[in-house]
Amino acid sequence: MASRNNPCISEYNERIRWFVKCGLTVARKAVIYESHSRRSRLVFLAAREDWDPACGAPLSTDDLDMSDWLGSTNHRVTRMNRIPGTDCYLRNGFDIVTLRPDGCDALPNATIQTMFSKEWVGNLLVVKRGCHDPSRAISVTQSEVSTIDALVDRWLELYLDYHSPDDE
1186 MASRNNPCIS EYNERIRWFV KCGLTVARKA VIYESHSRRS RLVFLAARED WDPACGAPLS
1246 TDDLDMSDWL GSTNHRVTRM NRIPGTDCYL RNGFDIVTLR PDGCDALPNA TIQTMFSKEW
1306 VGNLLVVKRG CHDPSRAISV TQSEVSTIDA LVDRWLELYL DYHSPDDE
């Protein structure tokens, strides 16, 4: 478990929807591969409290609060602009957000093991980026989840082939 208070996704999403409805925050839908699940799910990620919409900058991946799912700010963002292992560019890029292996007390990821038969530790999040403004985080739709699953499977395959835990 990446966070000691890792919430149930449905309850978490309802809470974030309420905050958005009340005008207390903005949020984007991302895909989570959670350690305690067996399938990928959509999850709302609210803006971090220190993000200021008045600054004029769009909400980016770095502006999203992922602490409930990653447990800390000790994470890495990998930008995916093309289908992994090919020269085929994606219309929208995606950011894959993972825990850094050093200093994390995360559990093996049951979703990744079940879906892709690969070993991974900790939760993994995928945030969609804008087509015309790649710095802007936008919401993932339910119809895009299976495509993202295929991209993550391919990314994991390449990542695990080229990285060992000692490389970090």
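Per the numbering used here, the sequence shown runs over residues 1186 to 1353.
From the three backbone atoms N, C-alpha and C, an ideal C-beta is built for every residue, glycine too.
{"Asked": "T1299 - containing alpha helix (DSSP H), residue span", "Found": "1295-1301"}
{"Asked": "Residue range of the beta strand (DSSP E) that includes T1332", "Found": "T1332 -> not in any beta strand (DSSP E); alpha helix (DSSP H) instead, spanning 1330-1347."}
{"Asked": "Backbone CA spacing between F1301 and P1293 [nearest angstrom]", "Found": "13 Å"}
{"Asked": "Local Cβ density within 10 Å of W1380, reported as buried at 16 or more and exposed below that", "Found": "Nothing can be reported for residue 1380: it is not among the residues displayed for the chain, which extend from 1186 to 1353."}
{"Asked": "Assigned exposure category for Y1347 - 16 Cβ within 10 Å defines buried", "Found": "exposed"}
{"Asked": "Rounded separation between D1253 and N1198 - CA only", "Found": "12 Å"}
{"Asked": "Close beta carbons around A1295, own chain, < 7 Å, minus the five adjacent residues each side", "Found": "S1220, H1221, S1222, R1223"}
{"Asked": "Contact under 8 Å by Cβ, V1211 with A1242", "Found": "no"}
{"Asked": "Proximity below 8 Å, CB of A1322 to CB of S1245", "Found": "yes"}
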